[in-house]
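Here's the structure we're looking at; comments come further down.
In this note's numbering, the protein residues as written are 335 to 631.
Here it is as structure tokens:
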């Protein structure tokens, strides 16, 4: 029996929640998966799974083994992929971490073209919590600056400057009119990213505003949908709403006013070498962003 194959089977059983699900993913039979897991338990000398007719759950030993084995297996796969990519077409899994907003409204629009260019590369986009440190297994982590990362084993490259501005739908502007000064924003309904319906906003001219509204959320899709539906005024970077601006479902208001300046970085582990996949994706992303910036009026 093969150690790596057995470990892969065990991890897949846990991920899928059943032997049948693991068998489907690995294109084999549930009997074969069961034999591999049983062989693994015998070699380790501990029960990894509790089996009933309806469910499969991990034991304490199984949970520990899963956590450690998954990291090691990902590392081993990266070694194989990196070795192959030295002399072959770029291949393997690229694990990218990003917040829900950055992933769904920024990154995802660039993935298809990249994967068309490199069909043997696979991408796993993992959602992270704003401000949290990245998982060590990630190849790339997209975020505003996180100070702790500057002192850890990570390198960083700047992707774009995050300058937030104010946007609203044509329907909202027709019903309520457009504010002509930052102070008039206080008379409008602000759609708030966060858990509270009030937000302090610092403008790049040094002015501070305390704005509020009737809708707050940490779900980016809900926030942007609310803005397009005419519920209120949105604070966003134009990078996140390129499609909405192109279609005219959102329009910028107060065009000379910007807020919340920050730089968005791509972080990646400090290694003696840089994964080919990581370098290719970073080069591609920076080139696309540079071209788009040059096309702006």
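All C-beta atoms in this analysis are idealised placements derived from N, C-alpha and C, irrespective of residue type, glycine included.
Residue burial classification, residue i (beta-carbon count within 10 angstroms, cutoff 16)
i	result
residue 523	buried
residue 397	exposed
residue 426	buried
residue 385	exposed
residue 590	exposed
residue 409	exposed
residue 390	buried
residue 596	exposed
residue 598	buried
residue 413	exposed
Residue i versus residue j: straight-line alpha-carbon distance, rounded
i	j	result
residue 570	residue 476	17 Å
residue 336	residue 381	18 Å
residue 352	residue 493	41 Å
residue 604	residue 617	17 Å
residue 572	residue 342	42 Å
residue 346	residue 362	12 Å
residue 469	residue 509	46 Å
residue 622	residue 441	11 Å
residue 517	residue 545	10 Å
residue 501	residue 487	38 Å
residue 432	residue 460	6 Å
residue 574	residue 447	18 Å
residue 379	residue 462	35 Å
residue 576	residue 626	10 Å
residue 530	residue 480	23 Å
residue 624	residue 495	12 Å
residue 395	residue 402	11 Å
residue 399	residue 356	17 Å
residue 550	residue 474	29 Å
residue 600	residue 387	46 Å
residue 377	residue 411	22 Å
residue 620	residue 547	36 Å
residue 560	residue 507	14 Å
residue 464	residue 348	27 Å
residue 449	residue 478	25 Å
Own chain partners of residue i with C-beta closer than 8 Å, once the 5 adjacent residues on each side are dropped
i	result
residue 421	Caution is warranted here: a pLDDT of 49 is assigned to residue 421, below 50, making its placement in the model unreliable, and the coordinate value is therefore given only provisionally. Result list for residue 421: empty, nothing under 8 Å.
residue 424	452, 454, 455, 610, 611, 614
residue 443	576, 577
residue 586	499, 500, 501, 572, 579
Beta-carbon gap between residue i and residue j smaller than 8 Å
i	j	result
residue 555	residue 438	yes
residue 339	residue 370	yes
residue 393	residue 383	yes
residue 466	residue 429	no
residue 525	residue 557	yes
residue 602	residue 489	yes
residue 562	residue 503	yes
residue 491	residue 528	no
Contacting residues, own chain, Cβ-Cβ under 6 Å from residue i (five flanking each side not counted)
i	result
residue 593	498, 535, 537
residue 533	526, 545
residue 434	461, 554
residue 354	364
residue 505	564
residue 368	353
residue 366	none
Residue i: CB within 7 Å of a non-hydrogen atom of the ligand PLP
i	result
residue 504	The ligand PLP is not part of the structure shown, which contains no ligands of any sort.
Close-in-space but distant-in-sequence residues of the same chain around residue i (CB under 7 Å, 5 per side omitted)
i	result
residue 436	476
residue 445	457
residue 350	356, 359
residue 404	345
residue 375	381, 382
Report task. Inspect the CB distances between the stretch 536-551 and the stretch 577-586 and report whether three or more fall short of 8 Å. Result -> With fewer than three CB-CB distances shorter than 8 Å, the stretch 536-551 does not count as touching the stretch 577-586.
Query raised in the report: Would you say the stretch 498-516 touches the stretch 554-567, given that touching needs at least three Cβ pairs under 8 Å?
Result: At 8 Å Cβ cutoff, the stretches touch.
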